[in-house]
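To start, the structure itself, in structure tokens.
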Amino acid sequence: MNILVTGASGFVGRAVVAELRARGHTVWAGSRRGEAVAGAHGLKLDVTDPGSVQRAVGQADPEAVVHLVGIIAETRDQTFEGVHVEGTRHVLAATPRHARYVHMSALGARGDSGSGYSSSKARAEGLVRASGMRWTIFQPSLIFGVGDDFFGRVLRELVSTAPIVPQIGDGSFPFRPVSVQDVARAFATAAESETGMGETFRLTGPDEYTFRQLLELELGALGKRKPIVPVPLPLMNLAVPLMGLLPHPPITRDQYAMLKEGNTAPNEPSRTVFDLPMQRLPEHLPEIVAQAKKRQA
119 MNILVTGASG
129 FVGRAVVAEL
139 RARGHTVWAG
149 SRRGEAVAGA
159 HGLKLDVTDP
169 GSVQRAVGQA
179 DPEAVVHLVG
189 IIAETRDQTF
199 EGVHVEGTRH
209 VLAATPRHAR
219 YVHMSALGAR
229 GDSGSGYSSS
239 KARAEGLVRA
249 SGMRWTIFQP
259 SLIFGVGDDF
269 FGRVLRELVS
279 TAPIVPQIGD
289 GSFPFRPVSV
299 QDVARAFATA
309 AESETGMGET
319 FRLTGPDEYT
329 FRQLLELELG
339 ALGKRKPIVP
349 VPLPLMNLAV
359 PLMGLLPHPP
369 ITRDQYAMLK
379 EGNTAPNEPS
389 RTVFDLPMQR
399 LPEHLPEIVA
409 QAKKRQA
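When you read off a place in the sequence shown, starting at 1, and then add 118, the result is the number in the working numbering.
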């Protein structure tokens, strides 16, 4: 098949492109800079610019579109509304009516969320469902793998930069991380077939962890022994807005809201429908942090 992937140069995008290429498909890798990814054809594609989207889709002439573009924090140039909602609107408008459409959302996406990220993801889902396309929506939990942002950077920096490890609240909020290989397999299977058409699937891994357990796993993978000290939520509620004044805050208000909500759900039916191996976090975490340290060196 001829398949266009938006956000192809990102962490998940590279894995999806590689999976589709391994299955023998012709892949067009859409990104803002238009670089080639894993042997795929590079295309300049800025989802906030409808003309850019139309030109890229016209060049690729896809039989399937995998829409992955997303941001985890807003900047002066990129907002959740502009990227997640309007970007999805532009991609849907440009996608041929006959094409298969596979959409990256997020676990916890809902309109009444206290997180701008999650509420914008929910509005984008609404556009997809109303589009009349042959769609499938995936809602992944935290995605782990070499090159990921959460385990490879955020948690690693959190447990490495001070003599103690700060824990938000009692650390009980739950997470169910999923492997990027499992995510790529699900997206590729949906793109090349009718599997899961017209349905929304939660993508989560085989094991559930509390936030404290994730901190302990990260420490173990780094070979460190440090005390984990709870930071009461009232204190965090005061500190997080002040952190937002920094050029690169360690945590934004939006990320803080999502952390407190947790991020978990059963891994059925996605596990069986897409025949996912369900790789486990502890088996991959040492390589994730080792490769992250090498890139930083």
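Think of the CB as a built atom: it goes at the ideal place given N, C-alpha and C, for glycine as much as any other residue.
Could you give the distance in angstroms between the alpha-carbon of I261 and the alpha-carbon of P395?
Approximately 15 Å, taken between the alpha carbons.
From the DSSP secondary-structure annotation, give me the bridge partner or partners of P258.
According to DSSP, which records beta bridges pairwise, P258 is partnered with L321.
Who are the Cβ neighbours of E153 in its own chain at under 8 Å, not counting the five residues just before and after it?
Same-chain partners within the cutoff: S127, A147 and G160.
Three or more C-beta pairs under 8 Å: does that hold for the region 262-272 against the region 127-142?
Yes: the two stretches touch, three or more of their Cβ pairs being nearer than 8 Å.
Mind checking which residues open and close the alpha helix (DSSP H) that includes P284?
Here P284 belongs to no alpha helix (DSSP H); instead the beta strand (DSSP E) covers V283 to I286.
Leaving aside the five residues before and after R303 along the sequence, list all residues of the same chain whose C-beta is less than 7 Å from its C-beta, in chain order.
These residues qualify, in order along the chain: E137, F392 and L394.
Please report the Cβ distance between L163 and L210, rounded to the nearest whole angstrom; I am assuming they are in contact, meaning their Cβ atoms lie under 8 Å.
Between L210 and L163 the Cβ distance is about 14 Å, and since that is not below 8 Å, they are no contact.
Using a threshold of 8 Å, state whether the C-beta atoms of N385 and T307 are closer than that.
No, Cβ-Cβ distance for N385 and T307 is not below 8 Å.
Give the single residue among R150, Q172, R151 and P180 whose Cα lies nearest to the Cα of E310.
Residue P180 holds the alpha-carbon nearest to the alpha-carbon of E310 among R150, Q172, R151 and P180.
Assuming L276 contacts A383 (C-beta within less than 8 Å), just tell me the rounded distance between them.
L276 to A383, Cβ: 24 Å. No contact.
Just to confirm my understanding: we take L351, look at its own chain, exclude 5 residues before and 5 after, and list those with CB closer than 8 Å. What are they?
So the list reads I286, G287 and K378, once near-sequence residues are dropped.
K378 in three-state terms, based on DSSP:
Here K378 sits in helix by DSSP.
Does the Cβ-Cβ distance between Q299 and A133 come in under 8 Å?
It is a contact, given that the beta carbons lie within the stated cut-off.
Go through its chain and collect everything with a Cβ distance to L340's Cβ below 6 Å, but skip five positions before and after it.
Only V407 meet the Cβ criterion.
Would you say the beta carbon of L161 is closer than 7 Å to some non-hydrogen atom of the ligand HEM?
As for the ligand HEM, it is missing from this structure, which has no ligand bound.
Can you tell me the Cα-Cα spacing of M251 and H202, whole angstroms?
Each residue's Cα considered, the two are about 18 Å apart.
How long is the line joining the alpha carbons of L416 and P359, rounded to whole angstroms?
Outside the modelled stretch of the chain, which goes from 119 to 415, sits residue 416, for which no answer is possible.
Write down every uninterrupted run of the beta strand (DSSP E) in the region 174-238 whose length is 3 residues or greater and which is fully enclosed by it, in chain order.
You should have 182-185 and 218-222.
Name, in chain order, the residues that DSSP records as bridge partners for G314.
Answer is none; G314 lacks a bridge partner.
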